[in-house]
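Just so we're on the same page, the working numbering is the position in the first sequence counted from 1, plus 971.
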Amino acid sequence: MKIQATTKDAHELMHQGVQALSKASIRGMHVDVKYCEKQHKYLNKKCDKLIKKFSKTKLGKRWSKTFLSVNWNSDQQLREVLFKKSGIKPVKRTKPSKGHPKGQASCDNESLELISKSYPELKPFMEYKKLAKVNNTFIAGILKEQVNGIIHPFFHLHIARTFRSSSSNINFHNQPNRDKKQRKIVRSSFKPAPGFGIMAADFSGIEVGTSCCYHKDKKMLHYVRHPEKNNMHTDMAVQCYLLDKFVKEGLEKTLRKGAKNGFVFPQFYGDYYKNNAASLASWGNLPTKGSFSKKDGEKLITGLSLGEHLIKKGIFDYDDFVDHIQEVEDDFWNNRFKGYRNWKKRNVREYYKKGYLKTLTGFTCSGEMSENDINNYPIQGAAFHKLLKTYIEVFRRLAHYKMKSFLIGQIHDELVFNYYPKEEDNVLEIVQEVACEWLPKQWKWINVPMVVEANVFDVDANWAQDSKVLELKAA
DNA sequence: GGAACTCGCCAC
DNA sequence: AAACGTGGCGAGTTCC
């Protein structure tokens, strides 16, 4: 696989991008060293306590007896204890590799979660693993990289095969966000320069929007251009779970998330209905084998449980549900988004004919690619390039107007600033102007509105504290 | 004592 | 027929 900037525009994007991003690395971002050190000690203590608790249980004792030198961080030892000494049946296996052609019995969190239903004593151990990850990877990482309270994460443009960026030392791209507890612990470490505030500007639905620039699918364009009329993820939740109506509060909101993260996005990346069904079931609190019952799933707004509701619709067990999701998949590509499907077919055909692909942003991908790769790379790359071009221009304008506010980095579809309080509105205005109006003028192939969600944190507040949210759109 | 591999998990 | 895209990194393990 090889990818090259084959237009002047693409070349300039890389050169200017490298310069703008390195300036952020050089300037760096402030971290709260005292907080990190305190948190590090506290988490170590907490981890010790959890392990002490676990080591007194049956499984814990068995582990100690089995090995001369116990290592609570060794998955190999855990495997031995669970699957050999205790006779527990593995939930799934790891990917086949050189050393293990059939894969090994997996002991990831998903497996432990299921096993813990019969062995609740595993709970403190699972908690330990979570906290150890936060402590050793994130808090320790910051302490290791900080110099005088400032870290200097790198942003690379030459690593990702899609010409996305990557980040290292520390990796600014994977700081915990979804899990509230982890987010709080880790993001509290990041603070603005004294007297400044943190601001983050997210491009909403950038990958879906960028896919539209390629396939121009009518229905998807309608969804993206008129989100207030129809909402793709809501519609898919209704279809996947056979809802009669969708209500914004309650379980339906979770089911919408399920449809988005368990069906729509995985489908875009090339996943298929069997995996989707399992994911959708777990989002809906349904069993992934056997019959559904009244007890399954939380209550819908109608008063019925989700399990009860599905039985009423003729979905009696998990296998019925899988069949149903297969039909949803079929409808998704052959009916709802057939324009997208046709583009994928054309795209693959073109690649096999010519041996390379072109992205809308002027990059050429050649070499060996799978069909999923062929349809993903151009979208993922161009989506990031929208952010990068915006980053460069915003950077240029901040300097041009001699503003104090500055960019500290980027997270794929999100610009991150330190804003100077008096310039708050100016920064928002610049982002709005550049992202929503200037960018679509530069790249005429952009056929969907650019929408930005700005998160403005209080002055001197850290990255985990409250922020106000503003939506920026073209005037 | 380090390189390479494996697994797991964090982000988009 | 097969079956999820892109990264970084910690920790354990294996091999040289």
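No residue lacks a Cβ here, since even glycine has one placed at the ideal position from N, Cα and C.
Exercise for review: Assign Tyr1243 to buried or exposed, taking buried as 16 or more other Cβ atoms, counted over all protein chains shown, within 10 Å of its Cβ.
Suggested key: exposed
Practice item. Would you list the residues sitting across from Arg1149 in a DSSP beta bridge? Key: Partner(s): none; Arg1149 has no beta bridge.
Review point. Unbroken beta strand (DSSP E) runs of length 3 or more, entirely within the stretch 1339–1391: which are they?
Key: 1377–1381, 1385–1390
Check your understanding: Per DSSP, what kind of secondary structure is Thr977 in: helix, strand or coil?
Key -> coil
**Study point:** Three-state class that DSSP yields for Gln1173 in the structure shown
**Key:** It is worth fixing the name first, because residue 1173 is Asp in this sequence and not Gln. Three-state result, Asp1173: strand.
Practice item. Going by CA-CA distance only, name the one from Lys1155, Asn1148, Arg1149 that's closest to Gln1010. Key: Lys1155
Review point. Curious, which full-length alpha helix (DSSP H) runs of at least 4 residues does the stretch 1108–1160 contain?
Key: 1111–1116, 1151–1158
Check your understanding: Can you give the Cα-Cα distance for Ser935 and Ala981, rounded to whole angstroms?
Key -> Outside the modelled stretch of the chain, which goes from 972 to 1446, sits residue 935, for which no answer is possible.
Practice item. Would you tell me roughly how many angstroms separate the C-alpha atoms of Gly1310 and Lys1189, rounded to the nearest one? Key: 7 Å
Exercise for review: Can you have a look at Trp1416 and say buried or exposed, based on whether 16 or more other CB atoms are within 10 angstroms of its CB?
Suggested key: exposed
Check your understanding: Looking at Gly1120 and Val1002, is the spacing between their C-beta atoms short of 8 Å?
Key -> yes
Check your understanding: In chain order, what residues of the same chain have a beta carbon less than 8 Å from the beta carbon of Gln1413, not counting five sequence neighbours either side?
Key -> Lys1360
**Study point:** Buried or exposed by the 16-neighbour rule on C-beta atoms within 10 Å, applied to Thr1205
**Key:** buried
Exercise for review: Could you tell me how far apart the beta carbons of Gly1229 and Ala1208 are, in whole angstroms, since I believe they sit closer than 8 Å?
Suggested key: 7 Å
Review point. Which residues does DSSP pair with Gln1327 in a beta bridge?
Key: A quick correction: the sequence has Tyr, not Gln, at residue 1327. Paired residue(s): Ser1337.
Review point. Cα separation between Asn1201 and Glu1092?
Key: 46 Å
Review point. Should the stretch 1108–1126 be called in touch with the stretch 1333–1340, which here means at least 3 C-beta pairs below 8 Å?
Key: no
Practice item. Tell me where the alpha helix (DSSP H) around Ala1248 begins and ends. Key: 1244–1254
Practice item. Might you give, ordered along the chain, the residues of its own chain that have their beta carbon closer than 8 Å to the beta carbon of Asp1493, omitting 5 neighbours on each side? Key: The structure shown does not extend to residue 1493, since the chain is modelled only from 972 to 1446, so the question has no answer here.
Review point. Can you tell me the Cα-Cα spacing of Val1422 and Ala976, whole angstroms?
Key: 27 Å
Practice item. Please state if the CB of Tyr1390 and the CB of Val1398 are separated by a distance shorter than 8 Å. Key: yes
Check your understanding: For Leu1257 versus Gly1278, is the C-beta spacing smaller than 8 Å?
Key -> yes
Check your understanding: Just the Cα atoms here: how many angstroms apart are Ala1248 and Cys1211?
Key -> 9 Å
Check your understanding: Who are the near neighbours of Thr978 in its chain, counting only those whose CB is closer than 6 Å to its CB and skipping five residues on each side?
Key -> Gly1333
Practice item. Note down the Cα distance separating Leu1085 from Gly1380, rounded to an integer number of angstroms. Key: 39 Å
Point to revise | Stretch pair the stretch 1294–1313 + the stretch 1126–1142: three plus CB contacts closer than 8 Å | key: no
Point to revise | The alpha helix (DSSP H) enclosing Phe1239, as first and last residue numbers | key: 1236–1240
Check your understanding: In chain order, what residues of the same chain have a beta carbon less than 6 Å from the beta carbon of Ala995, not counting five sequence neighbours either side?
Key -> Leu1378, Ile1379, Gly1380
Review point. Considering only C-alpha positions, which residue in the set Lys1245, Gly1241, Ser1276 is nearest to Gly1255?
Key: Ser1276
**Study point:** DSSP-derived helix/strand/coil call for Phe1217
**Key:** coil
Review point. Looking only at DSSP bridge pairs, what is Leu1281 linked to?
Key: Answer by DSSP bridge pairing: none, since Leu1281 is not bridged.
**Study point:** Same chain, Cβ closer than 6 Å to Ala1353, five either side skipped, listed in chain order
**Key:** Thr1181, Thr1330, Leu1331, Thr1332
Point to revise | Element boundaries [alpha helix (DSSP H), containing Lys1020] | key: 1004–1026
**Study point:** Beta-bridge partners of Lys1439, as assigned by DSSP
**Key:** Val1427
Check your understanding: What three-state label does DSSP hand Lys1266 in the structure shown?
Key -> coil
**Study point:** At least three beta-carbon pairs within less than 8 Å, the stretch 1280–1293 to the stretch 1318–1326
**Key:** no
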